[in-house]
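What follows is a set of notes on a single structure, which appears directly below.
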């Protein structure tokens with residue numbers, strides 16, 4: 094038995110998220126059937142976490158156990174021959190038996206792309222949130238900085254029916270949280286030891302309320318204290334969000 | 094009656110080409126129904142030319158005649174509110190009555206993007222031809238230069254059932270034809286006074302045979318002289334092709 098670690102990128106636009114579903118195209122399901130075609134085994138690769146429908150990944154990590162003797166590197170190449178072009182295996186390596194894509198993760202980085210120009214190029218419409226309306230970007234930068242540290246993020250967490258008992262805490266540590274401008278794009282990057290369901294998109298929706306002046310940047314502190322989802326802003330669209338990488 | 098000139102960009106991936114079809118999503122059909130919703134008129138916008146299924150446009154030009162009094166600029170903005178994000182109106186202006194998107198065109202520029210890296214990023218797979226195999230790029234550059242000038246391009250023309258009697262000549266003038274490298278992409282740009290059906294993709298398929306060494310760059314001259322489609326290479330995939338712009 095070998096434990097195979099895959100690093101993969103995907104365009105989430107045409108998938109109903111990571112998690113396998115009986116009658117919808119998902120990343121996990123597509124990957125599982127490609128692995129099944131190669132090894133003849135019925136396996137369910139475990140990701141570092143689920144991504145929602147429409148969310149992309151630059152370097153998601155997933156593991157699966159196999160009795161196949163195909164060298165890991167060849168497995169990766171063969172998977173790319175079978176998978177649709179919207180999912181690419183960037184690396185396939187053999188990992189120690191105790192390595193687990195989710196449980197072993199120590200930090201994750203997400204990115205969110207907003208397009209600020211008047212007309213969003215059609216080639217970007219699947220990959221950014223088009224928001225051409227006025228925003229106070231300085232206030233948004235200030236608000237982003239206020240979530241750095243260890244906090245209870247309940248105000249930014251969607252109810253997650255899939256969540257296990259062992260994960261009952263909403264406390265997470267955010268190491269970096271910042272905005273940067275790149276021509277017509279306003280890009281948010283956040284790195285933390287873990288993220289609750291919809292957390293990055295809920296942070297985004299709240300930062301946009303700060304940008305609009307509906308909230309002040311300093312309101313972030315009281316929203317965190319409230320530990321109540323209704324205190325924060327709406328969930329931003331999925332298509333601007335990218336899982337950038339997972340650290341172990 | 095006003096003659097409206099639209100400049101539009103589109104991601105052709107999810108469309109069955111430009112030309113309206115009874116039971117498939119096309120650019121022309123999608124545009125026609127959006128215009129119909131705004132003006133209440135049944136119009137068929139005329140493009141500078143058709144693009145095939147999967148082919149993209151950075152600046153296609155189309156015209157239509159309307160009795161609507163909506164200012165052109167507002168019409169463009171209102172169309173963007175109705176159209177899918179994969180089609181964007183970049184400009185809408187009133188044009189002289191005699192202006193015709195196809196007949197008035199004096200030159201067109203196309204671009205073709207090849208991705209040469211081993212693994213094509215999933216965010217590019219709709220937008221490039223992934224060709225990671227060895228190619229002699231110098232020979233391809235030389236071959237590209239040999240189609241500059243006025244030639245009969247019958248060897249590079251697909252049979253076009255839609256073609257009118259008035260367009261019976263296969264003679265076209267190519268002003269520029271060149272390759273450039275941009276990191277992992279090899280990009281071909283061609284500007285000419287007109288293009289036959291599939292001509293750019295057939296040139297591409299032939300240049301790739303030169304790159305592989307199946308043909309010599311100097312064979313381009315005899316392929317042109319043959320005036321026979323079977324003398325040239327296969328038609329390259331549609332998804333790497335872009336209509337860059339139309340000159341009047």
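Protein chains in written order, with our numbering: chain A, 94 to 341; chain B, 94 to 341.
By construction, the Cβ of each residue, glycine as well, lies at the ideal position given by its N, Cα and C atoms.
Bear in mind that the values here come from a model prediction, so they are computed numbers and not experimental data.
| field | Proximity test, Cβ basis, 8 Å: residue 341/A and chain B | value | no
| query | For residue 109/A, which option in 101/A, 168/A, 149/A has the closest C-alpha, if you only look at C-alpha atoms? | reply | Of the candidates 101/A, 168/A, 149/A, the one whose C-alpha sits nearest the C-alpha of residue 109/A is 149/A.
| Taking the alpha-carbon positions, what's the residue 205/B to residue 301/B distance? | 12 Å
| query | Given that residue 173/A touches chain B, what residues does it touch there, using C-beta distances under 8 Å? | reply | 212
| Can you pull the DSSP bridge partners for residue 158/A? | 96/A
| Members of the segment 173-203 of chain B that neighbour chain A once the beta carbon cut-off is set at 9 Å | 173, 177, 178, 179, 180, 181, 182, 183
| field | chain A contact residues for residue 216/B, given Cβ-Cβ distances below 7 Å | value | 104, 220
| query | Given that a residue counts as buried once 16 or more other Cβ atoms are within 10 Å of its Cβ, and exposed if not, what is residue 252/B? | reply | exposed
| said: Using the Cβ count rule (16 or more neighbours within 10 Å means buried), how would you classify residue 234/A? | reply: buried
| Boundaries of the alpha helix (DSSP H) in which residue 238/A is found, first to last residue | 230-238
| query | Just curious, the alpha helix (DSSP H) that residue 267/A is in, first and last residue? | reply | No alpha helix (DSSP H) contains residue 267/A, which is instead part of the beta strand (DSSP E) from 264-275.
| Pairwise C-alpha distance: residue 100/B and residue 178/B | For residue 178/B and residue 100/B, the gap between their C-alpha atoms comes out near 15 Å.
| query | Using the C-alpha atoms, what's the distance from residue 268/A back to residue 243/A? | reply | 9 Å
| Buried or exposed: where does residue 264/A fall if 16 or more other Cβ atoms within 10 Å of its Cβ makes it buried? | Around the CB of residue 264/A, fewer than 16 other CB atoms lie within 10 Å, so the residue is classed as exposed.
| query | In chain order, what residues of the same chain lie with their CB nearer than 7 Å to the CB of residue 183/B, ignoring the 5 residues before and after it? | reply | Correct list, in chain order: 100, 101, 102, 152.
| When 230/B, 316/B, 125/B are compared against residue 305/B, the one with the closest alpha-carbon | 230/B
| Between the CA atoms of residue 280/A and residue 245/B - distance to the nearest angstrom | 50 Å
| By how many angstroms is the C-alpha of residue 261/A removed from the C-alpha of residue 330/B? | 51 Å
| Would you call residue 98/A buried or exposed, if buried means 16 or more other Cβ atoms sit within 10 Å of its Cβ? | buried
| Of the choices 157/B, 126/B, 186/B, whose alpha-carbon is the least far from that of residue 166/B? | 186/B
| Grouping DSSP H, G and I as helix and E and B as strand, with all else coil, what is residue 151/B? | strand
| message | Could you pull the DSSP bridge partners for residue 336/B from this structure? | response | 150/B, 203/B
| field | Check whether residue 349/B and residue 113/B have beta carbons under 8 Å apart | value | What the structure shows of chain B is the stretch from 94 to 341, and residue 349/B is not part of that stretch, so it cannot be assessed.
| field | Simplified DSSP state of residue 245/B, which is helix, strand or coil | value | Shown here, residue 245/B sits in a strand according to DSSP, grouped into three states.
| First through last residue of the beta strand (DSSP E) which encompasses residue 182/B | 180-188
| message | At the level of alpha carbons, what is the spacing between residue 296/A and residue 221/A? | response | 16 Å
| task | Could you name the residues of the same chain whose beta carbon sits closer than 8 Å to that of residue 181/B, not counting the 5 residues immediately before and after it, in chain order? | result | 101, 102, 103, 173
| task | Would you kindly report the start and end of the unbroken alpha helix (DSSP H) that includes residue 129/A? | result | 120-132
| Own chain, CB closer than 7 Å to residue 217/B, minus 5 neighbours either side, in chain order | 208
| request: Identify, in the order they occur along the chain, each residue of the same chain with its Cβ nearer than 8 Å to the Cβ of residue 146/A, setting aside the five sequence neighbours on each side. | output: 105, 108, 109, 110, 331.
| task | Taking residue 283/A as part of the beta strand (DSSP E), name the residues at either end of that continuous run. | result | 278-285
| query | Leaving out the 5 sequence neighbours to the left and right, which residues in its chain are closer than 8 Å to residue 278/B when beta-carbon positions are compared? | reply | Excluding residues within five positions, the ones whose Cβ falls inside 8 Å are 206, 207, 208, 209, 221.
| task | Out of 140/A, 164/A, 131/A, state which residue places its alpha-carbon closest to the alpha-carbon of residue 95/A. | result | 164/A
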